[in-house]
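The structure appears right after this line, and notes come after that.
Chains as they are written, first to last, in the numbering used here: chain G, 13 to 449; chain H, 13 to 449.
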């Protein structure tokens, strides 16, 4: 088949590899210039945390080795209290599992190379989509260039131009939901050529209503991201205010940020949005148009699953093509079932923001996590939600069913334990039964 | 102030009247030609049911008399069972209250006349908005014409072009939610110059998963609307199938529809959508852009409140302008509080579809309505939700609080009554107490 993919970002490139392996001819249209010929975009969503779902999707194409070679494993969260005290919380009970910090630009270049190297894949840069006729698969680009394909797949991100067209069709439900928070990137450079904090952790400064995180880079710097209410971001409007605020709320990081004021004033404020769409594909006339990745289901970054989920979309669509014998309209129809999973991770990502910015700073929460890890060691088969999401490829919706089931089991076991203790004490005369009242 | 209103539909025209009364200069841009110079649009959302909120908004401008003169009051629902049996259910306990059937085109012409008659109001037809710069209030139309205003208000309906621009701005949350149902209009003509059914009722043929309704017109015809699942609408693809289906499921109406097959095949299928947006206004640079009516909060038609709610928007915005001393940015900020009310009616309208198509056909439901009307007669101050929505101007969100409060009171009274009866019977030895078990 002739397949057009709009967007040569992470998901578009990986999907092109999967489709080329099936023998399809793929043309990738990307609105930006070739990233291999330009510098990286500073200040916007630099780091990703690749975990099991992403690794699995890369491994099926033999791309995992090269990608992970450049990545930095983070085995847990390092919480920074306002007084500078550090607490490490491992992601897994045996501390063996890690999520992997990687730069978006590096990963994109790697996947672009992989896609370009496939026979049957062509990549066209500088092509911004301005028109799409879903009945004919005809595409029009800003340059005046036109194209047509029986199969058009939008992998063009949260603000997808392909989805913008589908949204105009009656029957296509859609929502975009912004948080009242913005994000801004800052930097902690290397000191004397070395990391100035532990590079084996994802660093979090939980501050109740807001937070900062930091992920390590191969050049031994850290990329920090503030997730703050818009009004807080806007309130720091002078170098004095910026320095005073960081000195008060992030004292240990403040000393490690020589470029704080320039970064704060120079880097843009990003927005945090959840996009939902249904259906993800429209079949009309001779053409079928579908969506994958953020174009179908953009989520907030707080579970580190945006790219992982998009990569898993490629695996799932590949599976649907198997099932449909490479009939794309049928495969895209089967692919709609994945919405049950992406709806779950969208919700978990929103919930995790509250956990990261607020709860991880609480002793009770950390004690709960220790109990959970103890349960994992004690009960074979008990696995935390975080591990099921990050270190397995269990579908997200099954993760939620399993977590609910585990809670019931543990709850029942706990109740039985309490009853046993009660019975034992009563047997020893320590508790008087109701007949004695 | 110079105010631009995009859309000269029902809400745009009424708002122009309200703003002109305050002394503002208003230009109304409408994409369609002047409806006074063209015939009515057949087959799409012909009839409205104007009730208290709409009447109140018209009355404040002295427009109620002329509008209601042309309307037909409907004092209740007439249910048509599959065997042709009729059941009348009044909307109010004393049968004195009615909603008013009126043609959208007639009402629009009336309001257009009223707006055009105001000094300071100009109406421009054939102007389709193609560009809007929210920072300058500059508008561009398909014709090439340009305009600018410090205040731009989108009253351009569910598929608002003004909102389409606001949706592109970061921070503007939005959703469009389609039902899996379509609607299609049919007709029951007059017979020998007379109504062939009772014109004092809104007729409903509840059929579980689907329904038909009919509203009377001044020419003594009825406009019928099917609300059917899309697959049912599509399945009747031959004259034989259409006739057979209606003969089976709507036998009494079938005999009154000589043009059934032509209407069914000729009229388009409409879609049912709920649109939500937040915020409704954006202030940027020197300009402010806001939304009212369906552009801000399109709802499904099942509570008969779409136009009433849009008219009430005008009253509320007028009130906000009072409060803000005609400072539009401030008034539009105050107007955001109305979202609490429009969110409620959006939900009630969705819920009422289930009630109309399914529950009104059940004896238990009708018995419940009779009990409710008995309560209204017996308890001073008890008013049903339907009456509060349709026959009062109590804000929708307060309707919901009051309904919840009434339910608690009646529940508590009911429980007390049961306890009293129980105690009385037990006192007479008819019930044995637990001590006798």
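Even for Gly, the Cβ is constructed at its ideal location relative to N, Cα and C.
Since the model is a prediction, treat every value here as computed from it, not as a measurement.
Beta-ladder partner(s) of residue 218 of chain G, from DSSP: Per DSSP, the beta-bridge partners of residue 218 of chain G are G:223.
Following the continuous beta strand (DSSP E) through residue 90 of chain G, name the residue where it begins and the one where it ends. 88-92
For residue 388 of chain H, which residues in the same chain have their Cβ closer than 7 Å to its Cβ, ignoring the five residues on either side in sequence? 105, 394, 395 and 396
Alpha carbon to alpha carbon, how far is residue 235 of chain G from residue 48 of chain G? Give it in angstroms, no decimals. 22 Å
Assuming the contact rule is C-beta atoms closer than 8 Å, residue 13 of chain G and residue 163 of chain G should be a hit. Round their C-beta distance to whole Å, please. 6 Å
Taking 8 Å as the cut-off, decide whether the C-beta atoms of residue 218 of chain G and residue 86 of chain G are in contact. no
Would you say residue 305 of chain G and residue 293 of chain G are within 8 Å of each other, going by their C-beta atoms? no
Taking 8 Å as the cut-off, does the stretch 176-184 of chain H touch the stretch 275-291 of chain H (at least 3 CB pairs, one atom from each stretch)? Because the criterion of three Cβ pairs below 8 Å is met, the stretch 275-291 of chain H and the stretch 176-184 of chain H touch.
By the 10 Å Cβ neighbour count, where 16 or more other Cβ atoms means buried, how is residue 328 of chain H classified, buried or exposed? With 16 or more other CB atoms across the displayed protein chains lying within 10 angstroms of its CB, residue 328 of chain H is buried.
Quick one: what's got a C-beta closer than 8 Å to residue 445 of chain H's C-beta in the same chain, skipping five residues either side? Any reading at residue 445 of chain H must be qualified, since the residue scores a pLDDT of 48, below 50, and its modelled position is unreliable; the value itself is stated next. Around residue 445 of chain H: 438.
Please classify residue 466 of chain H: does DSSP put it in a helix, a strand, or coil? Outside the shown range of chain H, which is 13 to 449, sits residue 466 of chain H, and nothing can be said about it.
Taking the CB atoms as reference points, tell me whether residue 27 of chain G and residue 326 of chain G lie closer together than 8 Å. Note that the C-beta distance between residue 27 of chain G and residue 326 of chain G is below 8 Å.
Can you give the Cα-Cα distance for residue 134 of chain H and residue 24 of chain H, rounded to whole angstroms? 12 Å
Distance, Cα to Cα, residue 330 of chain G vs residue 129 of chain G? 19 Å
Could you please give the first and the last residue of the uninterrupted beta strand (DSSP E) stretch that includes residue 194 of chain H? Counting along the chain, the beta strand (DSSP E) containing residue 194 of chain H begins and ends at 185-200.
At a CB-CB cut-off below 7 Å, which residues of chain H make contact with residue 497 of chain G? This structure cannot speak to residue 497 of chain G, because chain G is shown only from 13 to 449.
Touch test, the stretch 66-79 of chain G against the stretch 344-357 of chain G, Cβ-Cβ under 8 Å, three pairs minimum: no
6 Å CB neighbourhood of residue 63 of chain H in its chain, flanking five on each side removed: For residue 63 of chain H, where only same-chain residues beyond five positions count, the Cβ hits under 6 Å are 111, 320 and 402.
So which residues on chain A does residue 183 of chain G lean against when the C-beta distance must stay under 7 Å? Here the protein chains are G and H, and chain A is not one of them.
Taking the straight line between their C-alpha atoms, what separation do you get for residue 226 of chain G and residue 168 of chain H? 46 Å
Using the three-state DSSP reduction, which class does residue 105 of chain G fall into: helix, strand or coil? coil
Considering only the beta carbon of each residue, do residue 404 of chain G and residue 307 of chain G sit closer than 8 Å? No, these two residues do not count as a Cβ contact at 8 Å.
How is the alpha helix (DSSP H) around residue 23 of chain G delimited, first residue to last? 22-33
CA-to-CA distance, residue 300 of chain H to residue 339 of chain H, given in whole angstroms: 11 Å
DSSP on residue 337 of chain H, reduced to helix/strand/coil? coil
Starting from residue 41 of chain G, follow its DSSP beta bridges and name the residues at the other end. G:18 and G:136
I'd like to know if residue 187 of chain H contacts chain G, where contact means its C-beta is closer than 8 Å to some C-beta of that chain. yes
Near residue 83 of chain H, which residues of its chain fall below 7 Å by C-beta distance, leaving aside the five closest residues on each side in sequence? 62, 112, 113 and 114
Closest to residue 155 of chain H by CA distance: which of H:139, H:383, H:285 and H:143 is it? H:139
Could you name the residues that DSSP lists as bridge partners for residue 145 of chain G? G:150
Nearest neighbour of residue 197 of chain H, chosen from H:161, H:371, H:245 and H:376 [CA to CA]: H:245
Can you give the Cα-Cα distance for residue 231 of chain G and residue 88 of chain G, rounded to whole angstroms? Distance from the CA atom of residue 231 of chain G to the CA atom of residue 88 of chain G, rounded to whole angstroms, is 21 Å.
Whose C-beta lies closer than 6 Å to the C-beta of residue 202 of chain H among residues of the same chain, with five residues either side of it excluded? 232 and 233, listed in sequence order.
For residue 148 of chain G versus residue 282 of chain G, is the C-beta spacing smaller than 8 Å? Going by C-beta atoms, residue 148 of chain G is not nearer than 8 Å to residue 282 of chain G.
Which residue comes first and which comes last in the beta strand (DSSP E) that contains residue 311 of chain G? Taken as a continuous stretch (DSSP letters only), residue 311 of chain G belongs to no beta strand (DSSP E), as it is neither H nor E.
Pull up the distance between the alpha-carbon of residue 142 of chain H and that of residue 240 of chain H, whole angstroms please. 34 Å
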